[in-house]
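*Asks:*
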Amino acid sequence: MQLYSGPINKLIDELAALPGIGEKSAQRLAFHLINMPKAKVERLAASIVEAKEKVCYCRECYTLTDKDICPVCANEKRDHTTIMVVENSRDLAAYEKTGKYEGVYHVLHGAISPMIGIGPNDIKLKELLERLKANDIKEVIIATNSSLEGETTAMYISKLIKPTGVRVTRIASGVPVGGDLECIDEVTLLRALEGRTEL
Ligand code: ZN
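Residue numbers for the sequence shown follow this note's numbering, beginning at 7 and rising by one.
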């Protein structure tokens, strides 16, 4: 039985397909949107389309940006010989918020997870290796999450990089297991960075 009219159901389905939004939240959001003034809805819709059209990967580090090269990579004052590997742009933002990390980043856009069929080729790993080949890199800091997937990814990367002679380190395990880096306070992040160990 269809509880709502076609367009409402369609909207609920689209919203429910987003990560972290269940059926109930999708319904609540859908009705909220329908009750919003038309101009506001149009602004929201346009901002979604604009973000999708204008945001792309940074040519260097693959973070999301609206430029060819993101502000971090474009900054000459940053230490371009140290690369911190993170799972996503939100993790990058968390480290940037500390204001204490002076190197550059590499965003994998995921982590290796055999359970759900995400392999090394599904994340930006070969792009990292190409960067290491093309540039004089002194250290790669692996800052993937301390979840099973994050640890698997860290081990995999370290095995790939170590033979090249580049120093590989892992942030300290002060980061709670399964914790998203973005949810961790800045002090904990800095401690994890300072206490990093050789892999
Ligand atoms: Zn970049």
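For glycine and all other residues, C-beta sits at the position ideal for the given N, C-alpha and C.
From a predicted model like this one, the values you see are computed outputs, not experimental measurements.
1) Identify whether residue 115 lies in helix, strand or coil by the three-state DSSP scheme.
2) What does the alpha-carbon distance come out to for the pair residue 202 and residue 106?
3) So, is residue 90 buried or exposed, given that buried needs 16 or more other C-beta atoms within 10 angstroms?
4) Taking DSSP as the reference, what is the three-state secondary structure of residue 191?
5) Per DSSP, which residues does residue 147 bridge with? Please list them.
6) Would residue 109 pass as a contact of residue 128 if the rule is Cβ separation under 8 Å?
7) On a CA-only basis, which of 190, 145, 170 and 125 is nearest residue 158? Give me that one, please.
8) On the three-state DSSP scale, how would you describe residue 98?
9) Can you tell which of 39, 197 and 119 has the C-alpha that lies nearest to the C-alpha of residue 162?
*Replies:* So, to answer that:
1) Collapsing the DSSP output to three states places residue 115 in coil.
2) About 15 Å.
3) When all chains shown are included, residue 90 counts as buried.
4) It is coil, neither helix nor strand.
5) According to DSSP, residue 147 bridges with 90 and 175.
6) Their beta carbons are not under 8 Å apart, which means residue 109 does not touch residue 128 by this criterion.
7) For the residues 190, 145, 170 and 125, the minimum Cα distance to residue 158 belongs to 125.
8) Here residue 98 sits in helix by DSSP.
9) When each option's Cα is compared against that of residue 162, the closest is 119.
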